[in-house]
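Each residue of the sequence shown is one higher than the last, beginning at 72 in this note's numbering.
The beta carbon of each residue, even a glycine, is placed where N, CA and C say it ideally should be.
Bear in mind the structure is a predicted one, so any value in this text is a computation, not a measurement.
The block underneath contains the structure these notes are about, expressed in C-alpha coordinates.
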Amino acid sequence: TAQFFFAQFVINPVIYAKDISSIIEKLISYNYLCDERFAGAFYRSRETRYGVERIAQELRQKGIASHLIEEIVESAPSEIDENSSIYLIWQKKYGQLPDDYKEKSKQIRFLKYRGFSFDQIEKLYSFLSVSQLADKFDWL
(Lines of atoms letter the chains of each structure in order from A; the text may use other names.)
(Lines give C-alpha, C1' and ligand atoms only; values in the text may rest on other atoms or scores of the structure.)
Protein backbone atom coordinates (compact mmCIF):
# COMPACT_ATOMS: atom_id res chain seq x y z
CA THR A 72 0.00 0.00 0.00
CA ALA A 73 1.00 3.64 -0.30
CA GLN A 74 1.35 4.03 3.46
CA PHE A 75 3.79 1.10 3.63
CA PHE A 76 5.89 2.48 0.75
CA PHE A 77 5.99 5.90 2.38
CA ALA A 78 6.92 4.46 5.76
CA GLN A 79 9.76 2.47 4.19
CA PHE A 80 10.96 5.53 2.31
CA VAL A 81 11.06 7.60 5.49
CA ILE A 82 12.86 4.84 7.38
CA ASN A 83 15.49 4.13 4.72
CA PRO A 84 15.59 6.69 1.88
CA VAL A 85 18.86 5.32 0.43
CA ILE A 86 17.11 2.18 -0.84
CA TYR A 87 14.64 4.28 -2.83
CA ALA A 88 17.09 6.85 -4.23
CA LYS A 89 16.89 5.32 -7.72
CA ASP A 90 13.10 5.37 -7.57
CA ILE A 91 13.13 8.98 -6.45
CA SER A 92 15.26 10.11 -9.38
CA SER A 93 13.02 8.31 -11.86
CA ILE A 94 9.94 9.85 -10.25
CA ILE A 95 11.49 13.32 -10.48
CA GLU A 96 12.35 12.73 -14.16
CA LYS A 97 8.73 11.72 -14.85
CA LEU A 98 7.40 14.80 -13.06
CA ILE A 99 9.72 17.01 -15.12
CA SER A 100 8.70 15.30 -18.37
CA TYR A 101 5.02 15.88 -17.53
CA ASN A 102 5.90 19.51 -16.75
CA TYR A 103 4.73 19.14 -13.14
CA LEU A 104 8.11 20.36 -11.90
CA CYS A 105 9.18 23.55 -13.62
CA ASP A 106 11.81 26.05 -12.47
CA GLU A 107 10.21 28.89 -14.42
CA ARG A 108 6.84 28.43 -12.73
CA PHE A 109 8.46 27.99 -9.34
CA ALA A 110 10.56 31.15 -9.72
CA GLY A 111 7.56 33.18 -10.84
CA ALA A 112 5.36 31.94 -8.03
CA PHE A 113 8.14 32.46 -5.49
CA TYR A 114 8.66 36.03 -6.72
CA ARG A 115 4.95 36.85 -6.55
CA SER A 116 4.69 35.43 -3.04
CA ARG A 117 7.55 37.62 -1.78
CA GLU A 118 7.20 40.84 -3.79
CA THR A 119 5.03 42.67 -1.26
CA ARG A 120 7.46 42.07 1.60
CA TYR A 121 10.89 42.19 -0.04
CA GLY A 122 12.81 44.03 -2.74
CA VAL A 123 14.03 42.56 -5.99
CA GLU A 124 17.62 42.15 -4.75
CA ARG A 125 16.57 39.99 -1.80
CA ILE A 126 14.22 37.83 -3.86
CA ALA A 127 16.92 37.29 -6.52
CA GLN A 128 19.39 36.25 -3.81
CA GLU A 129 16.91 33.75 -2.35
CA LEU A 130 16.28 32.28 -5.80
CA ARG A 131 20.05 31.87 -6.30
CA GLN A 132 20.24 30.08 -2.96
CA LYS A 133 17.49 27.72 -4.11
CA GLY A 134 19.52 26.78 -7.18
CA ILE A 135 17.53 28.61 -9.84
CA ALA A 136 19.57 29.33 -12.98
CA SER A 137 20.83 32.89 -13.31
CA HIS A 138 19.15 33.44 -16.69
CA LEU A 139 15.77 32.57 -15.13
CA ILE A 140 16.41 34.99 -12.29
CA GLU A 141 17.25 37.72 -14.80
CA GLU A 142 13.98 37.05 -16.65
CA ILE A 143 12.02 37.28 -13.40
CA VAL A 144 13.78 40.52 -12.38
CA GLU A 145 13.21 42.05 -15.83
CA SER A 146 9.53 41.20 -15.65
CA ALA A 147 9.39 42.61 -12.10
CA PRO A 148 6.80 45.27 -11.36
CA SER A 149 7.43 48.79 -12.54
CA GLU A 150 9.35 51.30 -10.47
CA ILE A 151 6.08 52.76 -9.22
CA ASP A 152 5.15 49.42 -7.64
CA GLU A 153 8.62 49.06 -6.15
CA ASN A 154 8.44 52.57 -4.69
CA SER A 155 5.04 51.96 -3.15
CA SER A 156 6.27 48.65 -1.78
CA ILE A 157 9.27 50.21 -0.02
CA TYR A 158 7.04 52.97 1.36
CA LEU A 159 4.47 50.54 2.74
CA ILE A 160 7.17 48.40 4.36
CA TRP A 161 8.82 51.48 5.89
CA GLN A 162 5.47 52.85 7.07
CA LYS A 163 4.51 49.58 8.74
CA LYS A 164 7.85 49.22 10.54
CA TYR A 165 8.69 52.82 11.48
CA GLY A 166 6.02 55.30 10.41
CA GLN A 167 8.07 58.41 11.13
CA LEU A 168 11.31 59.95 9.98
CA PRO A 169 14.33 59.21 12.15
CA ASP A 170 15.39 61.78 14.72
CA ASP A 171 19.11 61.19 14.39
CA TYR A 172 21.69 59.54 12.17
CA LYS A 173 21.78 56.38 14.30
CA GLU A 174 18.07 55.78 13.81
CA LYS A 175 18.32 56.56 10.08
CA SER A 176 21.17 54.05 9.75
CA LYS A 177 19.02 51.45 11.48
CA GLN A 178 16.15 52.11 9.08
CA ILE A 179 18.45 51.97 6.06
CA ARG A 180 19.93 48.64 7.22
CA PHE A 181 16.44 47.24 7.64
CA LEU A 182 15.37 48.32 4.14
CA LYS A 183 18.64 47.05 2.65
CA TYR A 184 18.08 43.70 4.38
CA ARG A 185 14.64 43.62 2.84
CA GLY A 186 16.28 43.79 -0.60
CA PHE A 187 15.89 47.39 -1.67
CA SER A 188 18.69 49.25 -3.43
CA PHE A 189 20.32 52.36 -2.01
CA ASP A 190 18.78 54.39 -4.87
CA GLN A 191 15.30 53.27 -3.84
CA ILE A 192 16.04 54.02 -0.18
CA GLU A 193 17.31 57.51 -1.07
CA LYS A 194 14.19 58.16 -3.16
CA LEU A 195 12.07 57.09 -0.20
CA TYR A 196 13.81 59.49 2.20
CA SER A 197 13.62 62.32 -0.36
CA PHE A 198 9.90 61.71 -0.71
CA LEU A 199 9.44 61.53 3.07
CA SER A 200 11.39 64.76 3.60
CA VAL A 201 9.33 66.61 1.00
CA SER A 202 6.05 65.25 2.33
CA GLN A 203 7.02 66.17 5.91
CA LEU A 204 7.88 69.69 4.77
CA ALA A 205 4.57 69.92 2.91
CA ASP A 206 2.70 68.75 6.01
CA LYS A 207 4.53 71.29 8.14
CA PHE A 208 3.36 74.15 5.93
CA ASP A 209 0.05 72.48 5.06
CA TRP A 210 0.71 72.62 1.30
CA LEU A 211 -1.05 69.43 0.37
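- Within the same chain, and ignoring the five residues on either side of Ile143 in sequence, the residues whose Cβ sits closer than 6 angstroms to its Cβ are Ala110 and Tyr114.
- Taking each of Tyr103, Ile140, Gly186 and Leu104 in turn and checking the Cα distance to Trp161, the smallest one comes out for Gly186.
- The DSSP assignment places complete alpha helix (DSSP H) segments of no fewer than 4 residues inside the segment 111 to 198 at 123 to 132, 137 to 145, 150 to 164 and 172 to 184, in order along the chain.
- A direct Cα-Cα distance of roughly 12 angstroms separates Lys183 from Lys175.
- With 16 or more other CB atoms across the displayed protein chains lying within 10 angstroms of its CB, Gly122 is buried.
- A contact is defined here as three or more CB-CB pairs under 8 angstroms, and the segment 189 to 198 meets this definition with respect to the segment 155 to 173.
- Straight across, the Cα-Cα distance linking Lys163 with Ser100 is about 44 angstroms.
- Ranking Cys105, Ala147, Glu145 and Ile94 by CA distance to the CA of Gly134 puts Cys105 first.
- Sixteen is the threshold: since fewer than 16 other Cβ atoms of the shown chains lie within 10 Å of the Cβ of Ala136, the residue is exposed.
- In this structure, the beta-carbon distance from Glu118 to Leu139 does not fall below 8 angstroms.
- Sorting Glu124, Ser200 and Arg120 by C-alpha distance to the C-alpha of Asp170 places Ser200 at the top.
- The criterion of a C-beta distance shorter than 8 angstroms is not satisfied by Glu129 and Ser188.
- The beta carbon of Ala147 sits closer than 7 angstroms to the beta carbons of Val123 from its chain, once the five residues preceding and following it are set aside; these are given in chain order.
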